[in-house]
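Visitor:
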Amino acid sequence: MKNNELNAQSKVQKKGEVLTTKNYNLFKFLPSNRDISQANYKKLLQSLGKRNVYGASTILVKQSVDGYYYIHEGQHRYMALKELNQPIDFIINPNLTEDDISLMNTASEVWKLKDFLKRYLDKGENESYNYINSLIKDYVTGVDGSSVRAMNFSDILYISTGWTSGVEKDFKNGTLNVTEEQYNKARTKCELLKGFLKEGVLPLNINVRRYLQSILELTDKVNGWEELDTINLKNKIETYRVMIDYKNYGRTDMYKKLFVDVYNKGQKKRFIGVTTIGNDVEYFIVNKK
Numbered sequence: 617m618k619n620n621e622l623n624a625q626s627k628v629q630k631k632g633e634v635l636t637t638k639n640y641n642l643f644k645f646l647p648s649n650r651d652i653s654q655a656n657y658k659k660l661l662q663s664l665g666k667r668n669v670y671g672a673s674t675i676l677v678k679q680s681v682d683g684y685y686y687i688h689e690g691q692h693r694y695m696a697l698k699e700l701n702q703p704i705d706f707i708i709n710p711n712l713t714e715d716d717i718s719l720m721n722t723a724s725e726v727w728k729l730k731d732f733l734k735r736y737l738d739k740g741e742n743e744s745y746n747y748i749n750s751l752i753k754d755y756v757t758g759v760d761g762s763s764v765r766a767m768n769f770s771d772i773l774y775i776s777t778g779w780t781s782g783v784e785k786d787f788k789n790g791t792l793n794v795t796e797e798q799y800n801k802a803r804t805k806c807e808l809l810k811g812f813l814k815e816g817v818l819p820l821n822i823n824v825r826r827y828l829q830s831i832l833e834l835t836d837k838v839n840g841w842e843e844l845d846t847i848n849l850k851n852k853i854e855t856y857r858v859m860i861d862y863k864n865y866g867r868t869d870m871y872k873k874l875f876v877d878v879y880n881k882g883q884k885k886r887f888i889g890v891t892t893i894g895n896d897v898e899y900f901i902v903n904k905k
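Structure below.
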């Protein structure tokens, strides 16, 4: 920009010095930053409209080679101040990187998982985030109206990685690792789980994540389990849901034992058998002809 104001400000390099301007065109958003939250924007409009406390609305920027100041922290404040026709107070930090964006939450909402997803999708460096995005679209945002509860973002992460501990931390750090094979298996698992989230099937007031995890462990690990057994389990949960309602367990093994009791209700020819050796519990299908 060949603007006297911009040229003058471009010489300012002292870190921490607060500058001010009403030239809103000096600033641009970074594509990798999170989407604008209308709720946060409206909240700031109200508070800044009443009183703009000096320092509290300051934004943090870095000047690019194109002459513009790119907002690394404070894009909601910038939008609100622009709408209110108030000056923009800003600090130039030439050492900022795009990786710093999610680490800075001063006077803003804490980043959500969807914000990290957008950031890493924009960077395009890790195929794992494309896999997660595809699953999110189909099984979180694209859920049909007959489901009582959609799988949420965290559910998708755990399902995709086999309930790996620390998966949310890896996701936020940009180090998530989901292979194509894991993605394809996760899609199959999500399709299966949709039936257990339908109205009339999903029990009331339970730990839904442990409920889903227990179902997957049964369908994946029970010796002799077939697609017919998945259908039977879903039908039995729907019929005897009162046995599961309000069982807010924090452990998958407690749900699995409950599911075995529910599945075996009235089953004489095909049922789930249980063998316990020490602390190890094994489940298997018994098929009597």
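Per this note's numbering, residue 617 is the first one in the sequence shown, and the count goes up by one each step.
Glycine included, each C-beta is placed from N, C-alpha and C at the ideal position.
Could you check if Pro710 is buried or exposed, using at least 16 other CB atoms within 10 Å of its CB as the buried criterion?
Guide: exposed
Visitor: When you compare each of Ile675, Met695 and Val681 to His688 by their alpha carbons, which one comes out closest?
Guide: Ile675
Visitor: Tell me which residue opens and which closes the beta strand (DSSP E) that Ile687 is part of.
Guide: Tyr685 to Glu689 is the extent of the beta strand (DSSP E) around Ile687.
Visitor: Apply the 10 Å Cβ neighbour rule to Ala802 and answer buried if 16 or more other Cβ atoms are within range, or exposed otherwise.
Guide: buried
Visitor: Would you mind giving the Cβ-Cβ distance between Thr777 and Val794, rounded to the nearest angstrom? I have them listed as a contact below 8 Å.
Guide: 6 Å
Visitor: Going straight from the alpha carbon of Ser770 to that of Lys905, what length do you get?
Guide: 43 Å
Visitor: Have a look at Phe706 and Ser673 and give me their C-alpha separation to the nearest angstrom.
Guide: 9 Å
Visitor: Extract the residue ranges of the alpha helix (DSSP H) inside the region 727-790, only unbroken runs of 4 or more that lie entirely within it.
Guide: 729-739, 743-752, 769-776 and 783-789
Visitor: Which residue wins for smallest C-alpha separation from Asn823, given the options Asn864, Val634 and Val838?
Guide: Asn864
Visitor: Could you name each continuous alpha helix (DSSP H) segment of 4 residues or more that falls completely within the region 850-888, going from the start of the chain to the end?
Guide: Annotation: the region 850-888 contains the following complete segments of the alpha helix (DSSP H) (minimum length 4 residues), in chain order: 868-879.
Visitor: Hey, out of Gln798, Tyr856 and Leu832, whose CA is closest to Tyr879's CA?
Guide: Tyr856
Visitor: Less than 7 Å between C-beta atoms, sequence neighbours within five positions excluded: which residues of the same chain meet that for Ala696?
Guide: Tyr657, Leu660, Leu661 and Leu664
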